[in-house]
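Protein chains in written order, with my numbering: chain V, 5 to 89; chain C, -18 to 141. Yeah, the Cβ is synthetic: ideal placement off N, Cα and C, and Gly gets one too. Every value quoted in this text rests on a predicted model; they were computed, and no experiment measured them. Written out below as C-alpha cells is the structure these notes cover.
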C-alpha cells in the first residue's frame, strides 16, 4: 500500500520536499519504526530526523505518539513542535 | 437541552475584523452577558523583524482547531465561539489569531478563550518563520516549554 508522507517547516526544508508517496517495507509497524527507516534514506532525512524525540507526527491529520501503529495510514505528516497562535 | 453550539473555525490568509466578528457572534442573542476576545498580533521584536511567515497543514489545521473548539464548548457553557487563524506572510502590527468566546457570564468566556489559546499554541499545526529587517536568515521560531506547560494545566484526569 502506498502511504503519503508530508513534511512541514524545518523538517520539510531539511528533507528537501514537502511530500512524497512511499511503499513502506515490511516490518515498519510503528511511527518510531518509520522514523528510523526514513533516517536510512539519505543525508537530508538524517539531518531532519537526527533527534527523533522532537519530531511530532500526525496520522490522517490527527496527532499521535511514536508508539502508534501506522497500518492503514493514508497520510502521515512529520513536523517540528508547533508555534502557531 | 440547549441547542448544541457549533463553533466557527476559519483558517485564512486575509485579515479579520475583530468588531465584525464580535457582532456576528452576538447578533440576535439576548442571552449573552459576556464576550471575551483575544487577538494575537505579530511583534516587530524591537525592529529586528520585518515579517512572520506562517506555514500550516491545510485540512489538519481546521480539523485540530475544530476539535479544540468543540472541547471548549463541552467544558464551558458558551453561547458562541469563533476561532480564526491566519497563515502566510504577516507584517509586524498585523493580526495573526482571534478567539471570541461568548457566554452568559464572564467566567466561562474568560476560561474558554484562555484554554483555546493555550491549546492552539501547542496543538494547532502552524509554524512561524522569521524574516529579519537586516536581510539575514531569520529561521524557524522555537517552541516554548512554557507554552507546553500552559496547555498541560488544562488536562483533566479523564482526558487521554
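{"query": "If contacts are defined as beta-carbon pairs under 8 Å, then residue 52 (chain V) and residue 18 (chain V) qualify, I think. What distance do you get, rounded to the angstrom?", "result": "4 Å"}
{"query": "By the DSSP assignment, the beta strand (DSSP E) with residue 83 (chain V) in it spans what residues?", "result": "79 to 83"}
{"query": "Please confirm whether residue 81 (chain C) has its beta-carbon closer than 8 Å to some beta-carbon of chain V.", "result": "no"}
{"query": "Just mark residue 128 (chain C) as buried or exposed, buried being the case when its beta carbon has 16 or more other beta carbons within 10 Å.", "result": "buried"}
{"query": "Just the Cα atoms here: how many angstroms apart are residue 8 (chain C) and residue 70 (chain C)?", "result": "32 Å"}
{"query": "Where does residue 129 (chain C) fall in DSSP's three states?", "result": "helix"}
{"query": "Assuming contact is defined by CB atoms lying nearer than 8 Å, are residue 121 (chain C) and residue 12 (chain V) in contact in what I supplied?", "result": "no"}
{"query": "Got a sec: is the Cβ-Cβ distance from residue 65 (chain V) to anything in chain C below 8 Å?", "result": "yes"}
{"query": "If you run the structure through DSSP and keep just helix, strand and coil, what is residue -14 (chain C)?", "result": "coil"}
{"query": "Counting only Cβ pairs nearer than 7 Å, list the residues of chain C close to residue 86 (chain V).", "result": "103, 104, 105, 106, 107, 108, 124"}
{"query": "Along the stretch 43 to 62 of chain V, where does the CB come closer than 7 Å to a CB of chain C? Name the residues.", "result": "62"}
{"query": "Check for me: the beta strand (DSSP E) holding residue 37 (chain V) runs from which residue to which?", "result": "Here residue 37 (chain V) belongs to no beta strand (DSSP E); instead the alpha helix (DSSP H) covers 35 to 43."}
{"query": "Output, in chain order, the set of chain C residues within a Cβ distance shorter than 7 Å of residue 30 (chain V).", "result": "The contacting residues do not exist; residue 30 (chain V) stays about 28 Å from chain C at best."}
{"query": "Since residue 41 (chain V) meets chain C, which of its residues come closer than 9 Å, beta carbon to beta carbon?", "result": "Residues of chain C passing the Cβ test: none, with the nearest at roughly 22 Å."}
{"query": "Which residues bound the beta strand (DSSP E) around residue 13 (chain C)?", "result": "No beta strand (DSSP E) contains residue 13 (chain C), which DSSP labels as neither H nor E."}
{"query": "Hey, is residue 62 (chain C)'s beta-carbon within less than 8 Å of any beta-carbon in chain V?", "result": "no"}
{"query": "Mapping DSSP to helix, strand and coil, what is residue 122 (chain C)?", "result": "coil"}
{"query": "Going by DSSP, what residue range makes up the beta strand (DSSP E) through residue 61 (chain C)?", "result": "59 to 67"}
{"query": "Name the chain C residues that come within less than 7 Å of residue 20 (chain V), Cβ to Cβ?", "result": "Those do not exist, as residue 20 (chain V) stays about 16 Å from chain C at its closest Cβ, beyond 7 Å."}
{"query": "Round the Cβ separation of residue 3 (chain C) and residue 81 (chain C) to the nearest angstrom and send it over; I've been treating them as touching at under 8 Å.", "result": "6 Å"}
{"query": "Any beta carbon of chain C sitting closer than 8 Å to that of residue 7 (chain V)?", "result": "no"}
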